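Numbering (the numbering used here), first residue to last: 204 to 949. We put the CB at the ideal spot given by N, CA and C, even for glycine. Fair warning: this is a prediction, and the values are worked out from it, not measured in the lab. Take a look at the structure below.
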């Protein structure tokens with residue numbers, strides 16, 4: 204039971220989700236609009252507040268970097284004061300001599316006035332042994348000498364460095380040194396005191412960091428921290444603010460890690476560091492190396508409070524959130540009103556289109572407006588009107604087509620793309636029923652499959668031929684078929700038109716039988732006429748005068764023409780009767796066949812005054828052919844050239860090889876053939892009529908027979924001709940390369 208309830212809940216949730224995604228157009232407009240508005244508002248608030256906070260953060264960073272540059276510049280200026288004071292004391296007249304003589308009182312008398320006037324806070328003078336000669340500190344308004352032993356100057360690295368160098372003109376040395384007497388760090392600058400190119404002592408001028416840092420803070424407007432010894436904070440201006448806090452504790456809190464210290468120590472500029480919390484307030488630090496000349500004294504840091512960035516960001520966020528919320532509410536209201544103006548006409552369009560889809564072509568939207576929806580509605584109404592008119596016209600056209608198909612005597616079928624046959628008229632149904640009834644009396648024979656299909660190894664699809672004939676019992680049906688295609692080339696099926704041609708076939712059979720019979724009957728008397736005329740020409744009947752000899756030659760020539768025409772009729776009758784040529788193929792060389800034909804026809808060519816030439820290379824490959832049939836085709840081509848070439852012309856037989864094929868060209872310089880006549884040249888019973896009727900006789904069967912024979916061998920026959928220039932008939936047959944290879948191997 205619990206499982207059924209859980210399943211019901213899940214189905215309910217799924218239905219709610221489906222309804223959410225299956226919104227009408229109003230929901231599809233308003234919901235994305237609402238989501239987009241909310242997204243823009245949230246992103247806008249985030250971007251604006253981020254920009255404000257980022258701007259403040261960038262400004263704070265720039266202030267920190269500027270404060271760091273000010274501190275560095277202040278340190279350089281203070282160092283310059285140190286150098287000027289130290290040099291003024293070192294170059295005091297008599298100081299070097301007093302120092303060399305070890306006259307402490309004299310050194311005090313000479314150095315103290317200068318140090319006082321220049322405001323020196325700490326003055327230390329040591330001799331060549333590094334021993335302290337004078338050590339004075341400023342207290343109140345005057346300089347007071349420090350009790351001897353409170354500060355060990357011999358351990359100062361800068362003193363040792365200058366004394367060991369022994370160069371009175373050597374560069375100054377600087378450093379931050381802890382002063383035990385004052386319990387604070389001093390910035391010391393030391394220079395050598397020279398006498399006669401020798402170092403006789405060192406003058407050290409110093410200022411405590413407690414004096415320097417407040418002045419740095421004033422000039423940089425930022426708190427300052429000084430780091431030494433791996434990141435330990437040794438002085439800071441925060442100590443002057445937090446008077447109630449122990450200085451050592453504060454310095455421990457400000458100390459940093461050795462890694463950060465080393466990074467800042469060798470950096471070339473100020474580096475903005477982390478945010479630190481000091482006594483409840485947040486500060487942003489920027490660290491840099493404390494450099495004076497070539498000496499690195501330590502690391503300093505400048506700090507500015509950063510709490511105002513957070514406060515400004517929160518204030519901006521609240522302000523902009525209110526602004527964006529108000530704007531979003533206005534945008535949503537406006538969007539809803541706009542969606543109403545869009546969806547109401549669209550709903551009317553939807554209802555009208557559904558009615559039209561259901562067949563009600565009288566429906567109209569009735570929307571009139573100047574916007575795109577009005578244009579869409581007007582266009583839809585016009586389209587519906589045109590659709591109604593075209594539907595009516597199509598119904599009328601379909602009715603006329605049905606009437607036409609019903610009235611014609613030919614049967615019309617349609618084969619769709621799935622192979623189903625659809626009868627389109629009553630005649631087709633009657634023919635199919637009659638063929639089905641006659642099928643029991645005899646088999647279905649296909650009368651259209653000829654010799655060409657068998658030779659070329661073509662297996663035609665029964666219903667994709669242009670013209671086929673079928674015989675069932677004594678009934679012969681002619682079927683014409685054509686593919687039905689759209690304007691885009693898409694095939695919709697095949698239309699088949701069937702006609703009862705039994706009477707026509709019988710008439711054609713009687714015609715062929717008559718031609719065959721007449722040809723045989725004519726052949727016997729023609730043979731006798733030809734034989735006796737030849738005997739008379741040879742003088743068997745006695746001597747002939749010139750006129751008698753001429754008459755007999757005319758009889759012989761015309762007898763030969765009649766024999767040639769009778770042979771053409773017999774050849775044609777044989778092909779038509781057998782339906783195929785029945786080739787007996789074997790390997791042969793065309794050059795041999797050409798030589799035989801040339802030998803046979805050379806007397807006739809010479810008699811007519813024609814030049815008969817042969818161009819046959821010896822290295823041509825053989826072809827697979829029926830020698831008797833192919834000789835028959837070549838004779839027809841040669842006879843055609845002989846007939847249509849006037850006396851004085853030439854006929855040439857040329858053999859050549861190209862792309863695994865053997866080509867035979869019959870070239871004449873005859874009258875030529877027009878372009879219009881060339882396309883009918885190989886049809887049966889077609890004759891070119893550009894020669895006098897007495898010069899050329901025949902039935903127009905020679906080129907037709909030649910084409911059939913060549914195509915039966917898997918070749919092709921071509922013609923190139925120009926009127927008044929001559930013609931070239933080309934026979935192209937596939938070469939027999941395998942035979943050449945086998946012969947070479949043997």
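With a threshold of 16 other CB atoms inside 10 Å of the CB of residue i, please say whether the residue is buried or exposed.
| i | result |
| --- | --- |
| residue 410 | buried |
| residue 614 | buried |
| residue 459 | buried |
| residue 360 | exposed |
| residue 752 | exposed |
| residue 469 | exposed |
| residue 504 | buried |
| residue 928 | exposed |
| residue 375 | buried |
| residue 663 | Residue confidence is low: residue 663 scores 40 on pLDDT, short of 50, so the model does not pin down where it sits. Its coordinate-derived value is still stated next. Label assigned to residue 663: exposed. |
| residue 280 | exposed |
| residue 332 | exposed |
| residue 677 | exposed |
| residue 265 | exposed |
| residue 587 | buried |
| residue 841 | buried |
| residue 325 | buried |
| residue 745 | exposed |
| residue 607 | exposed |
| residue 349 | buried |
| residue 381 | exposed |
Going straight from the alpha carbon of residue i to that of residue j, what length do you get?
| i | j | result |
| --- | --- | --- |
| residue 565 | residue 700 | 40 Å |
| residue 843 | residue 826 | 24 Å |
| residue 936 | residue 623 | 42 Å |
| residue 599 | residue 591 | 12 Å |
| residue 920 | residue 594 | 53 Å |
| residue 682 | residue 740 | 57 Å |
| residue 310 | residue 498 | 29 Å |
| residue 665 | residue 812 | With a pLDDT of 44 at residue 665, under the threshold of 50, the modelled position of that residue is not reliable, and the figure given next carries that caveat. Each residue's Cα considered, the two are about 53 Å apart. |
| residue 983 | residue 388 | Residue 983 is absent from the model: the chain starts at 204 and stops at 949. |
| residue 829 | residue 922 | 23 Å |
| residue 419 | residue 278 | 8 Å |
Smallest Cα separation from residue i: which of the options?
| i | options | result |
| --- | --- | --- |
| residue 356 | 375, 324, 323, 391 | 391 |
| residue 787 | 317, 912, 561 | 912 |
| residue 909 | 885, 917, 756 | 885 |
| residue 440 | 306, 465, 454 | 454 |
| residue 284 | 724, 377, 271, 305 | 377 |
| residue 300 | 688, 346, 402 | 402 |
| residue 696 | 703, 286, 690, 685 | 685 |
| residue 528 | 858, 245, 887 | 245 |
| residue 766 | 934, 482, 727 | 727 |
| residue 674 | 687, 693, 707 | 707 |
For residue i, which residues from the same chain have a beta carbon less than 7 Å from its beta carbon, with the 5 sequence-adjacent residues on both sides left out?
| i | result |
| --- | --- |
| residue 501 | 379, 429, 430, 431, 493 |
| residue 580 | 548, 552, 568, 570 |
| residue 362 | 329, 333, 356, 393, 405 |
Which same chain residues end up closer than 8 Å to residue i when comparing Cβ atoms and leaving out the 5 residues on each side of it in sequence?
| i | result |
| --- | --- |
| residue 291 | 317, 321 |
| residue 737 | 759 |
| residue 762 | 729, 732, 733, 736 |
| residue 801 | 815, 817, 856 |
| residue 237 | 535, 538 |
| residue 319 | 345, 346 |
For the beta strand (DSSP E) containing residue i, list its first residue and its last residue.
| i | result |
| --- | --- |
| residue 430 | 426-431 |
| residue 690 | Careful: residue 690 lies outside any beta strand (DSSP E) and carries neither H nor E. |
| residue 924 | 919-925 |
| residue 800 | Unbroken run through residue 800 is the alpha helix (DSSP H), 793-811; no beta strand (DSSP E). |
| residue 814 | 814-818 |
| residue 415 | Premise fails: residue 415 lies in the alpha helix (DSSP H), 412-423, not in any beta strand (DSSP E). |
State the start and end residues of the unbroken alpha helix (DSSP H) segment that holds residue i.
| i | result |
| --- | --- |
| residue 847 | 830-847 |
| residue 362 | 360-368 |
| residue 376 | No alpha helix (DSSP H) holds residue 376; the beta strand (DSSP E) holding it covers 376-382. |
| residue 883 | Taken as a continuous stretch (DSSP letters only), residue 883 belongs to no alpha helix (DSSP H), as it is neither H nor E. |
| residue 609 | 575-610 |
| residue 303 | 298-304 |
| residue 315 | 307-320 |
Could you pull out every residue in the same chain whose Cβ sits closer than 6 Å to the Cβ of residue i, ignoring the five residues on either side in sequence?
| i | result |
| --- | --- |
| residue 397 | 371 |
| residue 576 | 548 |
| residue 288 | 321, 323, 408 |
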